[in-house]
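Visitor: Numbering-wise, my numbering comes out as the position in the sequence shown, counting from 1, plus 808.
All C-beta atoms in this analysis are idealised placements derived from N, C-alpha and C, irrespective of residue type, glycine included.
Please find one structure pasted underneath; my questions will follow.
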Amino acid sequence: MDPAAAIELEILNRQKPIDEAIARGLSDVQKFYKNTNVFITGGTGFIGKQLIEKLLRSCDINKIYILIRRKKGKNVKERFSEITSEAVFNRLREKKPKFEEKLVPVEGDIAELDLGLTDHDRTIICEQVNVIFHVAATTRFDEPLKVATAVNLRGTREALSLGRDCKKLKTFVHVSTAYVHATHQRVNTEVHEEFYPCTWSPEAMLAIAEKLDAEQLDAITPSIIKGWPNTYTFEKALAEALVKNASDLPICIVRPAVVIGAYYEPMPGWLDKTCLFGANAIVASPGLGLTHVIYADVSSKSSVVPVDYVNNSIIVAGYVTANVRSDVPKIYALTSVSRNMITFGQIQKYALEFAAKMPSPKALWDVFVVFTASPTLFLLLTWILQYLPAYIVDTFLKVTGNKPRFVDVNTKVYKTNVALSYFSSKTWYFQDKNMEELFNNLSKTDQVIFNFDVASINWVEYINVWCLGIRKYLLEDNLTDAEYAQRKRIGFKIANYVILMLLVYFVWKILGCSVCLYLK
């Protein structure tokens, strides 16, 4: 058995207590969600899919209404069929083969007024829905301000409006991000589970976004988002301001940190295909031998959390919010900085050790990485260690009649690296007292079924699980061919040393000739 597959099996065996607790059906959270009707935005995304899966597998839900838009020429019915056939639902399919009967695809668009709902669909939702999970967002850091405003800000306004019209609404959970106020001025300071002032009001931002065209907004974006690193976190901050003013609703905010592969559920390491870039790329590409330079401070405190922990916290936050009302919406931050800290350097160390011990048979070169927090050195080393070899290989591919691809892949990884560098080279001390209290107040049974205690994460083990998930769900190497992968890795390492020695030799010869010419 492949060593990575052995790790997967070991983690799977730990799911037995969870399955047994779910089967008993006696938990307080399960009782709350029994026979409820749920509306989810963002149900077609990474977090949303696993949220749907966990709700259906652990609770006796009546119906889940999923907002789905037409995309790439596919209608809602086609997209729904594709989504429900994905690997995330494999375990659920085994336990509840008819789970799709509880799902209701609803055509709409988070960026449109009234969420793009028809009058008929809106009426049904307002009559039936008890729980709203607002998960939808554009997470692109470089999203044009007009798009980011429409999706992340106006989408939240419209979701809140829908919630106010739901006659049987018991709870509303708005999913934000721990980095919502990770501004330049808050670097190396504590960020608490509270609302912070924004430089713009949500109403003013919506007004200017509707008045100006995309090009005009792009021109003034730097001055508008000043203090925030990108349009994503800026618009998320404004969306939270809208939620703050919605205290008439039974509402709360969950702020997860960087969301990565599952620890336990539905399967160890599970990732969605949409996760190919972002934080996963910074681990996957070095493991494949594609990336050899990373722009980061290895001593910076990282905050990454498993997607199953995130959704467990969302489900529990919804339950508690329905039972405990407050004048100001409660904020729950799911982060690891305060109670189970890990540095960026440690994450990469564990990931590179995994790549050495359990390499993917799809690896393309030797695994070695240089870390730097210097933008100049990062650019220089990227050209020497990544782009130069990529151009050489692509030239060879062209000559041999194959499609060149390595320059394009390196460009995508480079852009991801740069986009994430703001977060991977700085530290914010996110406080999570509300989230800790949320977990500690649960019954023992609910703590088993809906675990989100970040203090329980074994980082060495979990990074291994994350890496095997990257192999299985993103690279799709089926966790096989371990011996072949090791032979391939050794071959790449030898070839890499030979090439490096040749480069040193040629540089020495060139410098030697230059010195001789100078002396003459």
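Just to confirm the assignment: which complete alpha helix (DSSP H) runs, minimum length 4, are found wholly within the region 1107–1134?
Guide: Listed in chain order, they are 1115–1131.
Visitor: Just to confirm the assignment, what range does the alpha helix (DSSP H) spanning residue 968 have?
Guide: The sequence position of residue 968 within the sequence shown is 160, counting from 1. First-last of the alpha helix (DSSP H) with residue 968: 963–973.
Visitor: Considering only their Cβ atoms, is the gap separating residue 1238 from residue 1117 smaller than 8 Å?
Guide: Numbered from 1 along the sequence shown, position 309 holds the residue referred to as residue 1117. Numbered from 1 along the sequence shown, position 430 holds the residue referred to as residue 1238. Contact flag unset, no.
Visitor: Can you give me the Cβ contacts of residue 1199 inside the same chain, cut-off strictly under 7 Å, excluding the 5 residues immediately before and after it?
Guide: Taking the sequence shown and counting its residues from 1, one reaches residue 1199 at position 391. Here residue 1199 has 1215 as same chain residues with Cβ atoms under 7 Å from its own Cβ, once five neighbours each way along the sequence are excluded.
Visitor: Within the region 859–944, note down every full beta strand (DSSP E) run reaching 3 residues or more, in order along the chain.
Guide: 871–876, 911–915, 939–942
Visitor: Return the chain-ordered ranges of every alpha helix (DSSP H) run that is complete within the region 1011–1047 and spans a minimum of 4 residues.
Guide: 1022–1032
Visitor: Taking one C-beta from the region 841–853 and one from the region 934–949 each time, how about it: are there three or more such pairs within less than 8 Å?
Guide: yes
Visitor: Relative to the C-alpha of residue 1000, which residue among 1094, 1257, 1101, 1236 is closest?
Guide: Translated into positions along the sequence shown, residue 1000 becomes position 192. For the set 1094, 1257, 1101, 1236, the Cα lying nearest the Cα of residue 1000 is the one of 1236.
Visitor: Return helix, strand or coil for residue 1103, following the three-state DSSP convention.
Guide: Walking along the sequence shown from the start, residue 1103 turns up at place 295. Reduced to three states, the DSSP call for residue 1103 is strand.
Visitor: Does DSSP put residue 1061 in a helix, a strand or coil?
Guide: Position 253 of the sequence shown, counted from the first residue, corresponds to residue 1061. Annotated three-state conformation of residue 1061 is strand, per DSSP.
Visitor: In whole angstroms, what separates the C-alpha of residue 911 from that of residue 903?
Guide: For the purposes of this step, residue 911 is identified with residue 103 of the sequence shown, where counting begins at 1. For the purposes of this step, residue 903 is identified with residue 95 of the sequence shown, where counting begins at 1. When rounded, the distance between both Cα atoms is 16 Å.
Visitor: Would you mind working out which of 1184, 1309, 1049 sits nearest residue 1005, comparing C-alpha positions?
Guide: Sequence index remark: in the sequence shown, residue 1005 carries index 197 (1-based). When only C-alpha atoms are compared, the closest one is 1049.
Visitor: Can you give me the C-alpha to C-alpha distance between residue 1027 and residue 1007, rounded to a whole angstrom?
Guide: Working through the sequence shown from its first residue, we reach residue 1027 at position 219. Working through the sequence shown from its first residue, we reach residue 1007 at position 199. Roughly 18 Å between the two C-alpha positions.
Visitor: Looking only at C-alpha atoms, which of 963, 1047, 1067, 954 sits nearest to residue 1025?
Guide: Numbered from 1 along the sequence shown, position 217 holds the residue referred to as residue 1025. Here the closest residue by C-alpha is 954.
Visitor: To the nearest angstrom, how far is the alpha carbon of residue 1074 from that of residue 1089?
Guide: In the sequence shown, the residue the question calls residue 1074 occupies position 266. In the sequence shown, the residue the question calls residue 1089 occupies position 281. Roughly 22 Å between the two C-alpha positions.
Visitor: Would you mind stating whether residue 1114 and residue 1051 have Cβ atoms separated by less than 8 Å?
Guide: Position 306 of the sequence shown, counted from the first residue, corresponds to residue 1114. Position 243 of the sequence shown, counted from the first residue, corresponds to residue 1051. Taking 8 Å as the Cβ cut-off, residue 1114 and residue 1051 do not qualify as a contacting pair.
Visitor: Using the Cα positions of residue 1166 and residue 1268, report the straight-line distance between them to the nearest angstrom.
Guide: By 1-based counting over the sequence shown, the position of residue 1166 is 358. By 1-based counting over the sequence shown, the position of residue 1268 is 460. Spanning the two alpha carbons is a distance of roughly 14 Å.
Visitor: With DSSP collapsed to three states, give me the class of residue 1265.
Guide: Reading the sequence shown from its first residue, position 457 is the one you call residue 1265. Three-state DSSP puts residue 1265 in coil, outside helix and strand.
Visitor: Ends of the alpha helix (DSSP H) at residue 1218?
Guide: Numbered from its first residue, the sequence shown carries residue 1218 at position 410. From DSSP, the alpha helix (DSSP H) with residue 1218 extends over 1214–1232.
Visitor: Contact check, residue 1140 vs residue 1242 under 8 Å by CB: the rounded distance?
Guide: For the purposes of this step, residue 1140 is taken as residue 332 along the sequence shown, with counting starting at 1. For the purposes of this step, residue 1242 is taken as residue 434 along the sequence shown, with counting starting at 1. Correct: roughly 5 Å between the Cβ atoms.
Visitor: Measure the alpha-carbon distance for residue 1012 versus residue 961 and round it to whole angstroms.
Guide: Here residue 1012 corresponds to residue number 204 of the sequence shown, with the count starting at 1. Here residue 961 corresponds to residue number 153 of the sequence shown, with the count starting at 1. The alpha-carbon atoms of residue 1012 and residue 961 are separated by roughly 11 Å.
Visitor: When you compare only the Cα positions, how much space is there between residue 933 and residue 1069?
Guide: Locating residue 933 in the sequence shown gives position 125, counting from the first residue. Locating residue 1069 in the sequence shown gives position 261, counting from the first residue. In a straight line, the C-alpha of residue 933 is about 32 Å away from that of residue 1069.
Visitor: Could you check which residue in 914, 938, 920 has the C-alpha nearest to that of residue 928?
Guide: To locate residue 928, count along the sequence shown from 1; it is residue 120. Among 914, 938, 920, the Cα nearest to that of residue 928 is on 914.
Visitor: Going by C-alpha to C-alpha distance, which of 959, 1173, 1125 sits closest to residue 1301?
Guide: Here residue 1301 is taken as the residue at index 493 of the sequence shown, counted from 1. Nearest option by C-alpha distance: 1173.
Visitor: Express the C-alpha separation of residue 1318 and residue 1327 in angstroms, rounding to a whole number.
Guide: In the sequence shown, counting from the first residue as 1, residue 1327 sits at position 519. In the sequence shown, counting from the first residue as 1, residue 1318 sits at position 510. Legend: pLDDT at residue 1327 = 48, less than 50; position of this residue unreliable, no value from coordinates given.
Visitor: Assuming residue 840 contacts residue 1130 (C-beta within less than 8 Å), just tell me the rounded distance between them.
Guide: To locate residue 840, count along the sequence shown from 1; it is residue 32. To locate residue 1130, count along the sequence shown from 1; it is residue 322. At roughly 7 Å, the Cβ-Cβ gap stays under 8 Å, so residue 840 and residue 1130 are in contact.
Visitor: Mapping DSSP to helix, strand and coil, what is residue 976?
Guide: Counting from one through the sequence shown, the residue named residue 976 turns up at place 168. Correct three-state label for residue 976: coil.
Visitor: If you run the structure through DSSP and keep just helix, strand and coil, what is residue 817?
Guide: The residue you call residue 817 lines up with position 9 of the sequence shown. Residue 817: helix per DSSP, three-state reduction.
Visitor: When the Cα atoms are used, what is the spatial distance from residue 1256 to residue 817?
Guide: Within the sequence shown, numbered from 1, the residue matching residue 1256 stands at position 448. Within the sequence shown, numbered from 1, the residue matching residue 817 stands at position 9. Going by the C-alpha atoms only, they are around 19 Å apart.
Visitor: State the CB to CB distance for the pair residue 1124 and residue 1205, rounded to an integer number of angstroms; the pair is presumed to be in contact (CB under 8 Å).
Guide: Stepping through the sequence shown from its first residue, residue 1124 is reached at position 316. Stepping through the sequence shown from its first residue, residue 1205 is reached at position 397. Going by Cβ atoms, the distance from residue 1124 to residue 1205 rounds to 51 Å, so no, they are not a contact pair.
Visitor: Return the bridge partner residues of residue 1141 from the DSSP annotation.
Guide: If you number the sequence shown from 1, residue 1141 lands on position 333. The partner list for residue 1141 (beta bridge, DSSP) reads 1063.
Visitor: Take the Cβ of residue 1076 as the centre, count every other Cβ of all protein chains shown within 10 Å, and call the residue buried at 16 or more, exposed below.
Guide: Here residue 1076 is taken as the residue at index 268 of the sequence shown, counted from 1. Label assigned to residue 1076: buried.
Visitor: What residue range does the alpha helix (DSSP H) around residue 1210 cover?
Guide: One-based indexing of the sequence shown puts residue 1210 at position 402. No alpha helix (DSSP H) holds residue 1210; DSSP gives it neither H nor E.
Visitor: When the Cα atoms are used, what is the spatial distance from residue 1310 to residue 1176?
Guide: Residue numbering aside, residue 1310 sits at position 502 when the sequence shown is read from its first letter. Residue numbering aside, residue 1176 sits at position 368 when the sequence shown is read from its first letter. Approximately 18 Å, taken between the alpha carbons.
Visitor: I'd like the list of long-range same chain contacts for residue 1316, defined as Cβ closer than 7 Å, with 5 residues on each side in sequence excluded.
Guide: Looking up residue 1316 in the sequence shown gives position 508. No residues qualify anywhere along the chain.
Visitor: Compare the beta carbon distance of residue 1279 and residue 1287 with 8 Å and say whether it is the shorter of the two.
Guide: Locating residue 1279 in the sequence shown gives position 471, where the first residue counts as 1. Locating residue 1287 in the sequence shown gives position 479, where the first residue counts as 1. Yes, the pair counts as a contact, with Cβ atoms nearer than the cut-off.
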